[in-house]
Each structure stands twice: as structure tokens, then as C-alpha cells.
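Q: Structure below; questions to follow.
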Amino acid sequence: MKNIAIITGLLFVLIATGGCKKDLLETKPDYKYNEGNFWESEAAVGAALSGCYNPLTSDGLFGGDATPLWEETATPNAYNYSNAMGFNLIAEGRQQSSDGGIIPQRWHDSYVGIGRCNTFMANVDKVEMSEDTKTRMKGEVHFLRGLYYFMLENYYGDVPLILDPPNLSTQAALPRTPREEVVTQIIKDLDSAALVLPLKYSKGDIGRATKGAAMALKARILLYEASPLFNSSNDAAKWKAAADAAKAVMDLPGTGYGLYNDYRGLFLPQNENNKEVIFDVQYIFPGLGTSFDLIGKQYNTNAPVLGLAEAYDMNNGLPITDPASGYDPAKPYANRDPRLYGTIFFPGDTLMEVKVTNSRFAVTGFGMKKYTIYDKGPAPAGQTDLKSGQSETNFIILRYADILLMYAEALNEASGPSQEVYDALNAVRQRPSVNLPEIDPAVTPYTQAELREIIHHERRIELAGEGLYYNDIRRWKTAGTVLNAPINTYDGSQIEVRTFNPARDYFWPIPLTETDLNAALTQNEGY
Amino acid sequence: MRSHTLRRLLQITTCLIILICADYSLYAQKSVTGKVLSAKDQVPLPGVTVNVAGTSSSVTTTIDGAFTITVKDGASLNFSMVGYLPKQIKVTSRNLGNIALEEDVKSLSSVVVVGYGTQKKVNLTGSIATIDMSEKEGQPITNASNALHGAPGLFVNLGNSQPGVDRATIRIRGMGTLNNNDPLVLVDGIEYSLDELNPADIESISVLKDASAAIYGSRAANGVILVTTKKGRGASKVDYGYYYGSQKPTAMPDAIWDPIVYMNLKNQALENIGKVHDYSDEEIAEYEQGMKTDPFTYPSSNWFDIALDNGQIQKHDLSFSGSADKYQYRLSLGFLDRSGIIIGPNDKEKKYSLGFNGSMNISKRLKVGLTLDGYYRFYNEPYYNSFWNYLTRTLPILTDTLPDGRYGNSWLRTPGRNNWENPRMIAETGFAKKVVSRFLGTVFADYQLPFNITYHAKFGADKYDGLLENFTPQVKTFNPKTGAAINWNSPSTAPRSRGIDYNDLNIHFYHTLDWNKTFAEDHNLNIMVGSSYDDFDSRSFSSGSMGYLDGTLTAISAGALPYEGYISGSSEQDVLISYFGRLNYDYKGKYLLEGTFRYDGSSRFANGKRWGVFPSVSAGWRIDKESFFHMANVFNLLKLRASYGQLGNQAVALYSYQNSINLGQDYSFGGGLSSGAAATAYSDPNTSWETTNTYNLGLDANLLGNRISFSIDAYKKYTIDILRAVNIPDQVGGLTGPSKNVGTMQNTGIELTLGYRNNIGSFNYSFNGNVAYNKNKVVDLNGEILYGFDTNLSTITEAGYPVNSYFIYDATGIFQSAEEVANSPFQSATTTAGDLKYRDINGDNKITSDDRVIISTSTQIPKYTFGFGLDLGYKGFSLNAFFQGVAGLKIYPTANLAFPFNNGADATWEWVTDSWTPDRPNARLPQVTPSNVDNDNYVASDFWLQDGSYLRLKNIQLSYALPSKWLSGAKIKRASVYVNAENYLTFSKYKDFDPESILNANSLYHYPMLKTISAGINVTF
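Protein chains in written order, with the working numbering: chain A, 246 to 772; chain B, 19 to 1039.
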């Protein structure tokens, strides 16, 4: 009997080992939040908001090693020797839906941003905090969502428009929404943002989206909408709307926006957040850096090509092809538009007190100076050789000179040459450190078409190296011409002949993995 | 003089003969006869070795079992034969009459370790492979996982031989899941790692391949490996073993190390895609001229020679062991010292092991014991862990060192090569060091209860402490022409140091009640029930600093500034609670039945989805024991087995059932970093176990006095509810897809093993071979298709095909002319003669991604695995050879050296000699182009698919056991010496690299497989 009791007791022990401790199976990590316990504090909301900004710094958008700089290599301005992020394939018109690199990455990272913005909007009201702060934060998120959707519709055309937090069952099979509807939503988001966002921030918040940023992004989008690529009927009202949107930014009181005197210094970290900057992606090292300096100074994978160097006028305002310009082929870089010296390294230039030889920049002979900290003089202490991820120069998405040129272009298209057009154009050309001769209608009365060419050229020069030219040649529908051409090194040797298929290449393909995963997604023409 | 020498020689020879024949010369000789029979059926036994004890004098019995031998008075005779127990008889008369030998049923009665117990081999109803580690003695096995090569039904693949991380991937019966396919490993009943065990302390390994694993429930689906460590046995003794070996790669790519050939070929490659030359004619001419006088500026560097060296390995093992009625003990010490093939101080490994296994009978009822498996090991590797990438990316024009020893660079500007990775510099500077101390301690108690019930309890604590330290120095290379320095890494963040500490504690406890009962003599019943608790706690933290004055002090606190990116920490917990039981019944040892169950609860799943039941049932039939079976004289064993069981797999990431919000999604405002948070993955709270239904049918046969053994198993593993990270469209917030129970996968296969052993007199020989066939098929993926799943290749995982099948273009040949290009479906704007031509599958006259085809071969699991060994023994000599291989596997080597000029790398010689040119229209390869900028030839196509089958002489060993009479004076019981060659012969169509090591990597830039030649001794005192 006793034995039976012992055995029964042991059997009971066997069962009891786990039985009465079922909560033992309830384990939690102590280093990460989950959805259930996250939305509880103002600090968490702040972190979620930072999380909405964070995708701006991704490979697919304005970060990675140097994605926004490589975007220039898809244009006739620069060449991407290693096909970094796949931009050279795009330059050569050989991109495929199955490509890796920027095509799937931009799609992905934009939707990452959109998903976070949508999650933020759906959860922020769960937290008790100052309504003013909450309203402002929602404004920031509206701005960001608008920006992310712009990065989709602009490159891919129709894209699924999703405004709710990520939900597999309701969103995975959604088809592409017509681009026009997406743009309407973007404008709506930007208008909501502009309504609540402040004009400026105090020190610790600099870098957040402002009212001006929302209005400036709207101006850019309306300009694109008015451009030939999206405005096939050349509806002048669209140009007018674009001009009005740009003008609204120029006329917005209390912003302090203006042109920064020093064209070269505009892109240096010590002058960040100056009066010309309307919205930029904020970098900081350590923690959040890019490889802009490594790419520009050493890797040379965003190498300017001869075509860009030759596009700069002489400092008398005349193109080098003009016999009266004074251009001397023996000293090709003498007396040119000062922005040349602020934008590219060329053979004979000086880099960190050393003369730039023909082979210093091995790929084309030229190096991209803009967005590196390096120049003629010695490098800042301890920064002689910044490596991968160590650059912290902010990348400017919207700056005032661009607004002026947007205005000039849109107004010229909407209603032809006018003093306002010339004023905006000349303001950019006569920035103190640039000081090009005024374009004076009293001297040469340009036609609308002539002035269009001048504005196009001005955009190419002023904004060279900033990744905007790719979208300009797309929206002007000039890519079919300028991207069906050879590119050359400093001495005129041909690097490659690029091709561009106007029937296909104005839009990127929908990434193959996406059409594989969602059969409702149609593919763009030609892919 | 001459005759004197001759006389001396004669004297010595005579002495030697006298010595050898001493036994005979000193005693009277007589001739003895007899006849040897089988005890079981009294049939004569031919071929029995009859040896005069203590001498080398032997004869063999004739066909009728008879023998005649000359012996001295009082001698004894030893009778031995394979399959029979040895017998010794003292010579008492000149005719010994009939001598009966008992059948050796040891091989039949030997015991096999199974889950929570042991089982007689004859009574097994499941499919269990066993590895007897005594057969691997002397082999330079540095990681216990490598002892499993060639075991039946196992695919064992050693991806690389790097000191410290040479762990083989083990797949039992194919791949049953899209998740972790690693089997569960238990050491003496407690979950542990094969990495942390001295192979010399292992006695045997059981591999549970079918439903026999079901007793381990939710962790059993990939099979279970049970390791049993050595115990003391017999009189106290001391064993010492030592070996020393030298190692080098089995294969390296045939890279071009001639700088002129390289430069010309690179230029040609660029020209072929219409780009400018990298090297001007003037530069090449200058180089050619300069090579004659200045090898520093104009080197022809063979980097495999420069940066690689022979590796060395040595190992000491010492153990003390013994047993008596009331106790057994074994204490062991081991030391392994290895230096790898990379030059410099950063490719080393040392392992110190301490093992103890002791038990004691406290009373008639109570036995207690203790085991300890302690490992202290560390290994170094170059801090820049991309050493192999750099080594396969380097070029012959890169200067090794300048005359004064500074690391070289190249004066030639090579586009795409901006900062030269000098492999010597990478190998010699900085370090990464991992120090692991791990202890598994267990205590157990067995208590004998009434009614023949035994209570068994075991508690194990597994403490793991891993410290990873690395130091990144600031290094520079120098232009050999100008002397200009180039910072290889940034002075603003180097030197820097990092330390990561992993601190895990796993607690295991299980106890069982075991009841044995025989009813009415013929009915044997065994019931076991038990429960267990397993808790896995892991913690880690990491820290680092920079701002070091110089490279002399490397500790974190010697740096002036914290390095923020290196600072982190975490802790995780994983708990498993289980109840299990087993019932064994047999009738007269003829009909065998076994049933098991397990009920598992896991913290990896959401409340409500945690518990699962895993049952199994199996049966066996000893046909040879049936009265109607009339071939009992031929068959020593004939058994039919069948089993069915459900096995679970819980291998999902911890906490993956809940949406986690990750920090680190930061942004910067106002010049300060602002902490950001966001969900990055989509979670599904309904995930639960994967279940594998496993079916096995087997037949075992032993024939002709157990000389021949034969086994065949046919199986099917059908896994449902496979947990799989579903790819979801980016439009759902760009989130990583959740794990869902959606897939179904099937593995079917056949395993055959055959053994034969016999002797011709003193010459023993045996053969053991096995071949296994596995067919993997994805049955259902809920209509979804996975692309490039778990691999960086162009693969597809789709219902109806093997997991990770290649999904690539079908290359049909090489374009021979522009005309042919023009008349073929459009590929790309740059396609020219010399490029690969692809098949237009859908007939739309252009080659697009729609033209990819599925090649029905898994990239990861071969169709066939096989192994066979041959053991020969003659007196003290033995020669063991073991072959192993796989077949039915395609590999797809990519990148550096697999493709020419990949990302600024070199190319192999075949591109010089066998690439297409108008003059070489029948070349094997297309025209040479820089692979990463050429869009025509390097899209994934079957052109680059290679046969990964191989047959390898894994190990061959010749050993000699010194005769005991040489040793007795030195009080040595046993001594042997041996030489061993590992991986010395490999037969494969694939030549660029070792086919085994490329399988997991798909590239040539990782530590190669090594071949080892070694010699050693084993001594027992």
C-alpha cells in the first residue's frame, strides 16, 4: 500500500512538472515593443513619427550610400561605372522588371513609408497628449505620405493607393489606382499638411516638414502634372496652377526663404538648414550617415561626363559654342559659369591642395564635387577620408532656387514671357557667388519657345548633380533625344552610346516580384 | 674481416630467430588436430582461424572444419571467426575432437540508444542509424558533426573547413520544411550542440530517422541525433592519443596571375561590350618592360601563393577510466590546436575539453551519477571577414608589399577598383576572436521501486558563454610607384574595438517511470511515462569604442570614445513543457509493437495555439523466428518493420506570433539623432506547429553467420502546415511577410545498406556500403510561389517541384554571327555574336523573364547520397578506406572568379583559352565580358549550371597495432600508430572549387575545403 502511494505520488509529480505552471509558457522579450504595448506614451508617438521619416534615408529614396546622387547618372550629366543601384541600366534603356536595384527598392521603400504613415494616423489618437502637438504631427505625416506617393506615381505611373494601416487580407490583392487619383490624394495630403504645419521650428525640431515644404512639394507636383509627360493636351490651366503654387511659396510670409549667397557653400554641412533650404533629408554621423563623400571623391560612380562640363556657359553668359564667348579649348575650364567650379572636379582643378590629373577621377576624368565636403583647400580635420556611411551632409529635396525656376517655367508656359519670368530666372543667375549677366528682354526679346530653352538649360546647370534632371528630361519628354546619344570622358573618348525607347522608358516597370505576388498588378507598357 | 662480419650477421639473425621462435625452441613440440563446428546446428565451420595463444602461429580450418597445428606443451589455442564468439582451449591431448563455437549474437543483442532509454537492436521497430565512434579513431575530426559523413540516409555537407566554424550541415531524409532543417541533437539525453563536444569523448551516435523520433515531439521533425559519451569499462586504464597533420585546400580556382595576360583580357572584355580599355597600350608596355627589373612596382602576384599557406593540426587526448561493481568513471582531457591556411596570426583555433562521466550505486535501489562536458575553445579570423571575397577579387597587378614591407597597392588606375584590398594586409592586421566556454553538467538518479518499476530523473544545466572580440586597426596601402598612402579604412572610425558577449543558460529536467513485466513467459511489456521541462535563456550585450592612440592596446576601455553603433543588448526566453510515454510489447521476441506519445507546450506560439500531440506507432516481425521459416540456417535475422508517426517542428523565430515594433528606425532633427520605431514585419497570431507524418517500411537481414548484413528502408515524410514566411506584396506597408502554416512538402526515399565481413585466415576484411535516394516535392503552397527563397539564386519554390528549384533561362548555345542575332528573338540591344543565346519559351520573339524555365533539381539537397567503406586487417595491420559522395545535384557558382571580371575581380584561365572569338567559334564559353556590367551572358541561365555530384575518398587510414609482447615490458597494454589522409581524392565534373563547399555558398569566396594528411599514435597503459 505504501509502495502504491509512492508510485502514485511520483506519477503526480510527473504531471505537476509543468501542469500547474502554464504561465511559464508566457515569455516576453525585454528589448522590443509589440503592437499591444507600444502606443501608450507621447515618447512612443514621437518615435513612431521619426519612424515615418526614417524611410527617407533608405536606399530606394534619398539615402543608402548615395542613391540621390546616382539618380543623376540616369541622365546625360553623369555616368555610373559600376551600375550602382541599377541606374546605368536605366541610362542605357535596358531596365527590366526583374532587375534588382533602384526599381524594386524605390517601390518597396516608398510603401514602407506609406505603411508607417498610415499606421501612425490610425493609432496616434489612442495616446493622450497635447492636441496641438498631435495636430502638427499629423501634418508632418500627411506631408510624408504625399512625398512617398509622389515617389511612386512619378516613376511607376498607376500604383495601388492605400490609406489604411497595413492589412494583408484587405490590401494584398489591390490593383493599381489610376495615377490621377493618386495625385489628387497627394495634393489633398499636402493641403492638409500646409494647413497645420508651422512656418519654422525651434532648434531641436529643425528638419521637420514645414508649411513651406508642403506647399513647395505641391508646386513641384503641379509642375510635373503640367509638363508634357502628364499633360498631353498641354492644358494651360495646369501650368497656371503650377505657377500659382510656386508663387504661393514665394509669397508665403514669415518663412525667410531666399537664395543662399554662396552656391558652393549651399551644399556643405556647416551651412545646413540655411534660408534656401525648404526641405531636406537630415543626416548625422554617427547614427545616420551616407557615403556621399566616398562616392564623390573616391569611387567616382557618379562621374560627370564631358557633356555636362560643356553645358556650362562662359561667365559672360555665352555658351562655349558661341564664337564670341571667348572659350579657349586649350583652357577649357577657364572663365566659366562659376557653378561649374561649385559642382564638378575637372582635370586641372585642385582637390585638397593637390592638382587633379587626367586620371585622378579614373572613370571620366571628372568628379562630382557637389554633395562632397571636399574642395580646393584642406579637408576639415579628421575628415580627410570619409568612408562608407560616414557622410552627414543633408540631401536637399526642395530649395528656393528650384521654386524660382519652377515659377519661371510654369509662368512662361502658361502665359509666355513676362517680367516675372525674367525676374525669377535672373534671381537664380545673379546669386552673389554666381553673378551671370542678366537675361534682359530689353536686349533680346525671347519668344516663349526660346525662353523655354533658356529655362531648361538653367535648370540643368543650377540643379546639376541633385538628381532632378532625370525627372526634368522625362517630364519635358526630351529624354528620347538626349538619352539616345553617346557620353564621353574628359578627352572626348566615347564611354557608351545610350538608348532610350520613348514608347517604354518614360516609366519604370512594376517590379517583377510585385506582379508575381499580386496578380492584380498590371505591367507598364513595353515591359 | 669479411667472414667476421658475416659471422656477426649470422649470430644476430640466429638470435632474432631464437627470440621469435623462443616458444617453440624451448619446449617440446607436438602436432594437434581437431574439428570446429557451429554450436547451434553442429555443422562444420571452414575458415576458422586457429592461433597458438601468445604467438603468431596460425592455421585455418578446412572445408570440413578440420585443422592441424604444431604446439608446445601446455599451450592454449584461440579459435576465432567472424560471426562467432572467440574461444580459447588449453591443449590437453593431441586430438581435441569437436570444438563448438557459439554464434556471436552480440551484433544482434547489442543495445541501441533511443529516446529516453535503450532498446535491443533486434527489437528495434524504427529506422535508426548508428555510428560507432571507435571506427573513426584517428581521423582528424575537428567537429563532431563531421563524423556523420556517409551515414545512411544522412546528407552531411561541410560548407567550409575554417578553424572554429567547420560545422557540417546535416539533413536527415531530405528537407521537410522551409524552416530550420537541422536535426535535434541530444547528448546523454540532454539537448546540446555538436560543436561543443570533443569527438574523442563520444562513444556512439544514434540517428532517429523515422517515427522513432516522435518521442521528442515538437522538435523531432528533422530527425534526432542522440550522442552517447564514453563511460568507464573494465579495469582501470589510461588512454593517450595524439596526431599531427598538415592541411591544404582540396581545390582553388585557376585564376590568372600573369599581369599582362590579365590586362589584355580585361581590355578585350571591355571592348567586347563596346567600352574603353582599362589599361592603355602604353601602360601595358611599361608594365612588361618594368617586370624585368622592378617586381615591386610591376608585380605578377600569385595571391593564392602569397596569402595562403599549409595549415597544421594537432590533437592530444588523455583519459582515465575504469569500472567495478559499484561504480564506473571516466575522466578525459583533450586539446586541439589548429592553424588554418591563411597567413598571419588570424586563422587559428584551440579547443580544450574536459569530460567526466561517473556513477555509483549508493544502495541496492539507488544509483546516482554525474556527467560533465566542458569545452573551452577559441578561434581567430581576420577582422575583415570578407577576406575570401578580397582574395578572389584581387589582381596580379596588385603589389604584395613594398621593399620596406609596407602593404602594396597598384599604380595602375583600374576603374571600379578604388581602394585595393590587399589580402596580406587583411590577413595580418586586426583580429576577430571568439572565445567560447560551455559546460553541460548533468546529475541523474535511478531508483528501483517495487513491482519492477524504475524511477529515473535527470537534471542538466547547459551554460554557454561566448565572447566575440574584434579590433579594427587603421591600415593603409601604398602606391608602389609614388609611395603615396591610401587609407584602406577611415581614420575617423578606426582603430576601433568591439566586444559582444553571449550568455546563455539552458535548463533541462526530465523524469520517467519505467515498468518492465513479463507475463506468462512470452508476453513482454515495457511502459515508460515521463515529463520534461526545458528552458532556454539567452542574453547578449555588445559594446565598443574608438579613439585608440595606436594599435597596441585593443581593449574596449583603452579607447577614448564609445562607438554607438556597437552598443546593444537583448534577452530572450523560450520554454517547452512536455509529457510523453512509450509502450513496448513483444510476444516471444517475434512480434514487436511500440507506441509513443508526446504532448508538447511551447512558448513560441500564442496562447491557445501552444499545445500539440505527437503520437507514433510501429511494429516488427521476426520472420526468422517463425516455425514455417525454413531458411534459419542461412538467415540469422530476418525482420520486417513498419512505423508511422507524427513529428512536430516549432522552428519559428521567438515571439513571431506578435507584431513587434522595432527601434532603430531613427531620424535626425536639429542635429541630434531622434529615436524612431516602426513595425518591420507582419505577424500572424495563428501560427502553430508544423506536423510531419512519417511512414517507414524496412527489412533487416543477417545472413551466413552474420557475415552479411542487409537493410532496406522505404519512407515517406509528409509535412503539413509548414510555417513559412509568406512573401507579401510591398504595397502592404513594405513589411516582411508573416510566418503562416501554409505549406505541404513531401520527401520519399529509399535507403539501402549492405555489410559484409569475413576473414581468410588472419586476414580480415569487411565492406560497408549505403546508398540513399531522396525525392523532394513541394505539394502545396496555398497557391503561392516563392522566388529566391532562402538562397541568393534564381530559384523557385512551387507546388509540384522540389524546394528551391532553379528558375532560369534555357541557354541554347552561342550566337555565331550578327546575322544570327538579328534573326533570333530579341534579347537586348547589346546582344552580339559571341553572346549566349536563350530559348524563347513563349514564342513572343523576345527574351523576357517569362522565358524562364524550372529545372526540377533542388539547389540544396541531392537526390542520392552514398558512402562505403572498406576495412582490411592482417595481424596488427589495418587499412580503412571510406568513400562518400552525392549525386543528382546542380550547383550554380557565381561572382568572383566564377564569372570573369566580376566587379573588378580577376578571371580564370579558361577565359583565355576557351572563350568565344570569331576564330574560336566552338569555344565552351561565350565571349569574355566583364560579368557585372554585361547584361547578356550572366542573367541566370542553365549555361552556368554545373553538376555538383562528387565521390570523395573521405578518409583512408593505415594503422599498425604493435605486438603486445613488445609493449609488456613498458607496461603498455596496447599501442598503435597510424597515418591518415582525409579528403585526398575527389572525383567530380566540377573543377573550379570543391563541389561540396560550394553548395551552401554559391560563390567561390569562402574558406575552402581542406585535405589533411596526418599521423598519430594511440597508447593504452
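Idealized CB from N, CA, C, for every residue including glycine.
(1) Between the Cα of A:E470 and those of A:P531, A:A569 and A:E654, spot the shortest distance and give me the residue it belongs to.
(2) Counting only Cβ pairs nearer than 9 Å, list the residues of chain B close to A:W352.
(3) For the ligand MG, I want to know if A:E470 counts as a neighbour, meaning its beta carbon is within less than 6 Å of at least one of the ligand's heavy atoms.
(4) Run through DSSP, which three-state label would B:Q332 get?
(5) For B:E708, report the span of its beta strand (DSSP E) as first-last.
(6) Starting from the Cα of A:N603, find the closest Cα among A:R705, A:A624 and A:D736 and give me that residue.
(7) Are the C-beta of A:N516 and some C-beta of chain B separated by less than 7 Å?
(8) Cβ closer than 9 Å: which chain A residues qualify as neighbours of B:E301?
(9) With distances taken from CA atoms, which of B:I974, B:N953, B:R616 and B:L1017 is nearest B:N290?
(10) Quick one: what's got a C-beta closer than 6 Å to A:L294's C-beta in the same chain, skipping five residues either side?
(11) Straight-line CA distance for A:Y502 to A:I431?
(12) Take A:P775 as the anchor and find which of A:A694, A:L442 and A:E770 has the nearest alpha-carbon.
(13) Would A:R719 and A:L468 be called neighbours here (beta carbons separated by less than 7 Å)?
(14) Does any residue of chain A bring its CB to less than 7 Å from the CB of B:V386?
(15) Let me see if you follow: with CB-CB separation under 7 Å, is A:F606 close to chain B or not?
(16) Expressed to the nearest angstrom, what Euclidean distance is found between the alpha-carbon atoms of B:V957 and A:N322?
(17) Assuming A:V386 is part of the alpha helix (DSSP H), what are its boundary residues?
(18) Using C-beta distances below 6 Å, list every residue in its chain close to B:G922, excluding the 5 sequence neighbours before and after it, in chain order.
(19) Does A:G627 get closer than 7 Å to chain B when you measure Cβ to Cβ?
(20) Quick one: measure Cβ to Cβ for A:D594 and A:Y557, integer angstroms, because I've assumed they're closer than 8 Å.
(21) Could you pull the DSSP bridge partners for B:Y528 from this structure?
(22) Classify A:K483 as buried or exposed, calling it buried when 16 or more other Cβ atoms lie within 10 Å of its own Cβ.
(23) Check this for me: beta carbons of B:K248 and B:E221, under 7 Å apart or not?
(24) Considering only residues of the same chain and omitting the five flanking positions on each side of A:E555, which have a CB-CB separation below 7 Å?
(25) Please list, in chain order, all residues of the same chain as A:R351 whose beta carbon is under 7 Å from its beta carbon, the five residues on each side excluded.
(26) Just to confirm the assignment, what range does the beta strand (DSSP E) spanning B:S727 have?
(27) Going by beta-carbon coordinates alone, are A:F590 and A:N545 separated by less than 7 Å?
(28) Which ranges does the alpha helix (DSSP H) cover as unbroken runs of at least 4 residues, wholly within the stretch 578-653 of chain A, from first to last along the chain?
(29) Quick one: does A:R339 have its CB under 7 Å from some CB of chain B?
(30) Measuring alpha carbon to alpha carbon, tell me which of A:D480, A:V522 and A:A439 ends up nearest A:A490.
(31) Nearest by alpha-carbon distance to A:I732: which of A:L762, A:Y326 and A:T723 is it?
(32) Chain B partners of A:R453, CB-CB under 8 Å?
(33) Could you name the residues that DSSP lists as bridge partners for B:W533?
(34) Do you know how far the Cα of B:N164 is from the Cα of B:T1004?
(35) Using beta carbons (cut-off 7 Å, strictly below), is A:Y276 in contact with chain B?
(36) Need the endpoints of the beta strand (DSSP E) that B:N96 sits in, please.
A: On the basis of the supplied data:
(1) A:E654
(2) D748, Q749 and G752
(3) Looking at this structure, you won't find the ligand MG or any other ligand, since it has none at all.
(4) strand
(5) E708 to L721
(6) A:D736
(7) no
(8) Per Cβ cutoff of 9 Å: no residues; B:E301 is ~10 Å from chain A at best.
(9) B:N953
(10) M382
(11) 24 Å
(12) Nothing can be reported for residue 775 of chain A: it is not among the residues displayed for chain A, which extend from 246 to 772.
(13) no
(14) no
(15) no
(16) 28 Å
(17) E376 to Y401
(18) G434 and R435
(19) yes
(20) About 13 Å; that fails the 8 Å criterion.
(21) B:K476 and B:S550
(22) buried
(23) yes
(24) I565
(25) G305, L306, M396 and Y400
(26) I726 to A743
(27) no
(28) 583-588
(29) yes
(30) A:A439
(31) A:Y326
(32) F687
(33) B:I471 and B:I545
(34) 17 Å
(35) yes
(36) S94 to S98
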